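Student: Take a look at the following structure, please.
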Amino acid sequence: MKEQAPTYTLEQIDEENFALNLGPQHPGTHGVLRVILHMDGEYILYADPILGYGHRMQEKVAENMTYLQVLPYVCRMDYLGALSYNLAWVCAVEKLCEFEVPDRASVVRVIATELNRISSHLLWWGAYLLDLGAFTPFLQAFTDRELILDLLEYITGSRLTYCYFRFGGLPSDVDDVFLTGVRDFIEGFRGRLKNYHDLVTGNVIFYHRSADVGVILPFDAAGYGLSGPVLRGSGFAYDVRRHEPYSGYDRFDFEIPVEETGDCMARYNVRMAEIEQSMNIIEQALNTIPDGPIRSKVPKIIKPPEGEVTMAVETPRGELVIYIVSDGTKKPYRVKYRVPSFSNLSIFAKLARGQLLADALAVLGSFDLVIPEVDR
Amino acid sequence: MMDCCHIREVVQGFFSLLVGMRVTMGNMFVKPHTVQWPRETAPLPPGFRGHIMMLPDEITRYPKCIACTACARNCPSQCITVTGRKPAGAKKKLADCFVLDFTKCSLCGICVESCPVGALDFSRDYALAAYSKDDFNRMNLLEDLVSPF
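Pasting the structure below:
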């Protein structure tokens, strides 16, 4: 294969093949992802994702800020699952400083994070089908997502980059308006989810666009370090919420949806089943939410002891690991994020080889990538 | 045999399209979910975060801020400048300048939470527009309040 050329237009690389530049502002790449494709007609010979257009030095910035100041900034990495990032940072610092979290706060955290997970999956559902050429699902998903955004806006004050959790608990309590709102939403959404399946899951066009496309073998899935629904679509029942429970997830009874086939359809089915499991978790949380304080006593200025901590959290896209090294001062000495989208994207070059361009975009969509998270 | 399977597939595929069409058609008889702004406005949630504003003291009507600079130190974007001095005859410092650079602000609310006297709160302005950038990068929060100096 000829060496990859930094091309901005269609470029002839030899007599028969040409290089095609996809992105960084292409709607199919969902953000500033750029892929250079070497094409033989409609077939991809070679794909090379180019990253870094949205690089914001998240790790370096975190070294120059106090632990509290980093908190609103981590949520900017994954703008669709901001509360998972929020939770990961808060849990990591709490683990480092050994802060207690009241039970009520943990349960509210779970409710908010799972709502966020549903909204993220709904956006993925709409956007993925938009990639495949269906427009109605997009509007359908956004209608329901809007209800979740309203609920989350009610408690957090923002609609996308939430920052609701604090070290040792929550900044404000939730009231009955929110809790009944969540209950009503779950009840209504269970009915509407059937429409989703009617509209898309059984659809013959969707089936032919996604079944047997982009098959990830279990060996590759493990080797490339995939996580989240992409990994579970290839037959691994690995979920951080079950295997390394945090924030009281061990108290809830939920299944880990797994599919064996490893194609786009499997990843789709896993996410749709995950929405249902998230609703189960929220329902259990609503039924068992205890009364009591929402925030334990923590010092105003966080000064963790010297040491290091690793915290893994299941975000809507997969396993996020935050690694913090503390030197005993107000600012972290070193912060490292292991983000799920980055690892999930890494297998794209392998999967795209030999595929039709349209199928490669379907594969890219099925990964549910968030590019600021990849570039961070 | 092959043809029989193929026909069944076609029929099933066609049926699946009809099922999807039913959902789409059903949506035609649903009330619109959108709010027709600006003829109507969506209600602001109680926790809405606008730009921050200074609250006045209930008795003296002076700004509540005691110029401790906790907000300015905790701000992740360093967008708050606050200075203070003692008014004539008073024992405590009060703010004489509180300037917010709203162009840098990410509305995280750490300033509101860190204020020891509860002098800051989120405003409910959402329709912000101005002719000059200066209206946002040097917002004087003490402008509309009674000055103790």
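The listed protein sequences correspond, in order, to chains A and B. Residue 141 in our numbering is what sits at position 141 of the first sequence, and the numbering runs on without skipping anything. For our numbering, add 376 to where a residue sits in the second sequence, where the first one is 1. Cβ coordinates follow ideal geometry from the N, Cα and C atoms, glycine included. Source: prediction; values computed, not measured.
So, does the CB of A:P171 fall closer than 8 Å to a CB anywhere in chain B?
Tutor: So, interface residue.
Student: Could you tell me how far apart the beta carbons of A:N64 and A:C75 are, in whole angstroms, since I believe they sit closer than 8 Å?
Tutor: A:N64 to A:C75, Cβ: 18 Å. No contact.
Student: What does DSSP give as the partner residue(s) for A:G307 in the beta ladder?
Tutor: Answer is A:S326.
Student: Can you list the residues of chain A that B:R425 reaches, using a CB-CB cut of under 7 Å?
Tutor: Correct list: G157, S158.
Student: How about B:V458: is its C-beta nearer than 8 Å to some C-beta of chain A?
Tutor: No, its Cβ sits nowhere closer than 8 Å to a Cβ of chain A.
Student: For B:L394, does the three-state DSSP call read helix, strand or coil?
Tutor: The answer is helix: DSSP assigns B:L394 an H, G or I state.
Student: Taking only the alpha-carbon atoms, compute the straight-line gap between A:G223 and A:G52 and give it to the nearest angstrom.
Tutor: Going by the C-alpha atoms only, they are around 23 Å apart.
Student: Where does A:V213 sit, in a helix, a strand or coil, going by DSSP?
Tutor: If DSSP states are grouped into helix, strand and coil, A:V213 belongs with coil.
Student: Which word fits A:Q25, buried or exposed, when buried means at least 16 other C-beta atoms lie within 10 angstroms of its C-beta?
Tutor: The residue is exposed, with fewer than 16 neighbouring Cβ atoms inside 10 Å.
Student: In chain order, what are the residue ranges of uninterrupted beta strand (DSSP E) at least 3 long that sit wholly in the region 407–460 of chain B?
Tutor: Complete beta strand (DSSP E) runs here, min 3: 428–430.
Student: For B:P419, which of B:C484, B:D501, B:F512, B:T436 has the nearest alpha-carbon?
Tutor: With distances taken between Cα atoms, B:P419 lies closest to B:D501.
Student: Output the distance between the C-alpha atoms of B:C455 and B:D477, rounded to the nearest integer angstrom.
Tutor: Taking the straight line from one Cα to the other gives about 5 Å.
Student: Let me know the secondary structure DSSP gives A:N269 once reduced to three states.
Tutor: It is helical.
Student: Quick one: list the residues of chain A neighbouring B:N450, beta-carbon separation under 8 Å, in chain order.
Tutor: By Cβ distance, chain A contributes T66, L68, Q69.
Student: List the residues of chain A whose Cβ lies closer than 7 Å to the Cβ of B:V399, in chain order.
Tutor: Residues of chain A passing the Cβ test: N195, D198, L199.
Student: Find out if the Cβ-Cβ distance for the pair A:G54, A:P372 is shorter than 8 Å.
Tutor: Their beta carbons are under 8 Å apart, which means A:G54 touches A:P372 by this criterion.
Student: Please check if any C-beta of chain B sits within less than 8 Å of the C-beta of A:C163.
Tutor: So, interface residue.
Student: Against chain B, does A:G202 count as a neighbour if the rule is that its beta carbon must be under 8 Å from one of theirs?
Tutor: Yes, A:G202 lies at the interface with chain B (some Cβ there is under 8 Å from its Cβ).
Student: How many Å lie between A:V325 and A:L68 at the Cα?
Tutor: Roughly 15 Å between the two C-alpha positions.
Student: Using alpha carbons as the reference points, say which of A:E276, A:Q58, A:Y249, A:R271 lies closest to A:A105.
Tutor: Nearest of A:E276, A:Q58, A:Y249, A:R271 to A:A105, Cα basis: A:Y249.
Student: Measure the CB-CB distance between A:A285 and A:F254 and report whether it falls below 8 Å.
Tutor: Cβ atoms of A:A285 and A:F254: not closer than 8 Å.
Student: Which residues of chain A have a Cβ atom closer than 8 Å to the Cβ of B:P421, listed in chain order?
Tutor: The contacting residues are D150, E153, Y154, G157.
Student: Quick one: using the 10 Å Cβ neighbour count with 16 as the cut-off for buried, is A:P305 buried or exposed?
Tutor: Exposed, because fewer than 16 other Cβ atoms sit within 10 Å of the Cβ of A:P305.
Student: Does any residue of chain B bring its CB to less than 8 Å from the CB of A:T136?
Tutor: Yes, because at least one Cβ of chain B sits closer than 8 Å to the Cβ of A:T136.
Student: Which of the three DSSP states is assigned to A:Y128 in this structure?
Tutor: Reduced to three states, the DSSP call for A:Y128 is helix.
Student: Pop quiz: A:S343 and A:Y268 are said to be a contact at Cβ under 8 Å. What is the actual Cβ separation, rounded to whole angstroms?
Tutor: Their Cβ separation, rounded to whole angstroms, is 20 Å, which puts A:S343 and A:Y268 out of contact at 8 Å.
Student: Once DSSP output is grouped into helix, strand and coil, what is the label at A:G228?
Tutor: It is coil, neither helix nor strand.
Student: May I ask you to list the residues that DSSP assigns as paired with B:A506?
Tutor: B:A506 pairs with nothing; no bridge assigned.
Student: With a Cβ-Cβ cutoff of 8 Å, do A:G307 and A:L96 count as a contact?
Tutor: Yes, these two residues count as a Cβ contact at 8 Å.
Student: Does any CB atom of chain B fall closer than 8 Å to the CB of A:Y73?
Tutor: Chain B, which has a Cβ nearer than 8 Å to the Cβ of A:Y73, makes this yes.
Student: For the region 175–195 of chain A, which residues have a CB atom closer than 8 Å to at least one CB atom of chain B, in sequence order?
Tutor: If the cut-off is 8 Å between Cβ atoms, the region 175–195 of chain A has N195 near chain B.
Student: Just mark B:M397 as buried or exposed, buried being the case when its beta carbon has 16 or more other beta carbons within 10 Å.
Tutor: By the neighbour-count rule (16 or more Cβ atoms within 10 Å), B:M397 is not buried but exposed.
Student: Consider the Cβ of B:E489: report whether some Cβ of chain A lies at a distance smaller than 8 Å.
Tutor: Taking Cβ atoms only, chain A reaches closer than 8 Å to B:E489, which makes this a yes.
Student: By the DSSP assignment, the alpha helix (DSSP H) with A:L151 in it spans what residues?
Tutor: 136–156 is the extent of the alpha helix (DSSP H) around A:L151.
Student: If I measure Cβ to Cβ from A:L160 and keep anything under 6 Å in the same chain, skipping five residues before and after, which residues do I get?
Tutor: Once the five neighbours on either side are set aside, the close Cβ partners of A:L160 are Y79.
Student: Measuring straight from C-alpha to C-alpha, what distance separates A:S234 and A:A266?
Tutor: The alpha-carbon atoms of A:S234 and A:A266 are separated by roughly 8 Å.
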